[in-house]
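Okay, so here's the structure we're looking at.
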Amino acid sequence: MKHITRLFLAVAAVALATSCSTFSDDSNPYEVSESAKNLSGTWKLQTVTRNGIDITKSMDFTRFQLRLNDDGTYSIQNYLPFVVSGEGKWAVNDPQHPMQLSFQENGASEAVNLGFSYPVVNGQRSISITLSPGCHSNVYVYTLYRETE
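Residue 1428 in the numbering used here is what sits at position 12 of the sequence shown, and the numbering runs on without skipping anything.
Okay, here's the thing in structure tokens:
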């Protein structure tokens, strides 16, 4: 009986070891590629905070526009303190998962890089940029929405 039990355990161990095969197909039928995020368009300020205090109603921010063109150029209308003041080129660090905007003014030797978030608020994409133009003790958060044309 002892011999049969050992034989049974040995056969069961061999059966378990050989019955499990790995799936060797490298294709992934469920793989979904992330689409590129389109940031081009005319962006207007929705809210502005300075050092954590909402200052949106303190002055007229509604005229400020940041135009990110499809061809990689940008322009600013009705300038407010920003990281660049003139026209130039813009880019993102990763088209599928953008986390950094790059602005290079025409004639500038280096680009200015800004971290940003790109959340969906009420079904609409927005851009939230944190910057310190001028005085580094003042931290502004610009939340922009894309103007529908």
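No residue lacks a Cβ here, since even glycine has one placed at the ideal position from N, Cα and C.
It should be emphasised that the depicted structure is a prediction, and the values quoted were computed from it without experimental measurement.
Compare the C-alpha of residue i against each of the options and name the closest.
| i | options | result |
| --- | --- | --- |
| Gly1539 | Phe1532, Ala1527 and Arg1562 | Arg1562 |
| Gly1488 | Thr1478, Leu1461 and Asn1454 | Asn1454 |
| Thr1559 | Gly1550, Thr1546, His1552 and Cys1551 | Thr1546 |
| Pro1549 | Pro1511, Met1515, Arg1466 and Thr1478 | Arg1466 |
| Gly1502 | Asp1486, Asp1470, Ser1449 and Glu1521 | Glu1521 |
| Val1557 | Asp1470, Ser1449, Glu1447 and Ser1525 | Asp1470 |
What is the DSSP secondary structure of residue i, counted as helix, strand or coil?
| i | result |
| --- | --- |
| Arg1472 | One detail in the question is off: residue 1472 reads as Thr in this sequence, not Arg. Correct three-state label for Thr1472: coil. |
| Ser1548 | coil |
| Tyr1490 | strand |
| Glu1521 | strand |
| Tyr1556 | strand |
| Ser1533 | strand |
| Thr1478 | coil |
| Gln1516 | strand |
| Ala1507 | strand |
| Thr1458 | strand |
| Ser1451 | coil |
Am I right that residue i and residue j are in contact with their C-beta atoms under 8 Å? What's the rounded C-beta distance?
| i | j | result |
| --- | --- | --- |
| Trp1506 | Tyr1495 | About 16 Å separates the two Cβ atoms, so there is no contact after all. |
| Val1528 | Phe1519 | 5 Å |
Use the C-beta contact count for residue i: other C-beta atoms within 10 angstroms, 16 or more gives buried, fewer gives exposed.
| i | result |
| --- | --- |
| Val1536 | exposed |
| Gly1468 | exposed |
| Val1500 | buried |
| Val1464 | buried |
| Gly1523 | exposed |
Can you name, in chain order, every residue of its own chain whose Cβ lies under 8 Å from the Cβ of residue i, other than the five neighbours on each side?
| i | result |
| --- | --- |
| Pro1459 | Looking at the sequence shown, residue 1459 is not Pro but Trp. Result list for Trp1459: Gln1481, Leu1482, Arg1483, Leu1484, Ile1543, Leu1560, Tyr1561, Arg1562 and Glu1563, in chain order. |
| Pro1514 | Lys1453, Leu1455, Val1508, Phe1532 and Tyr1534 |
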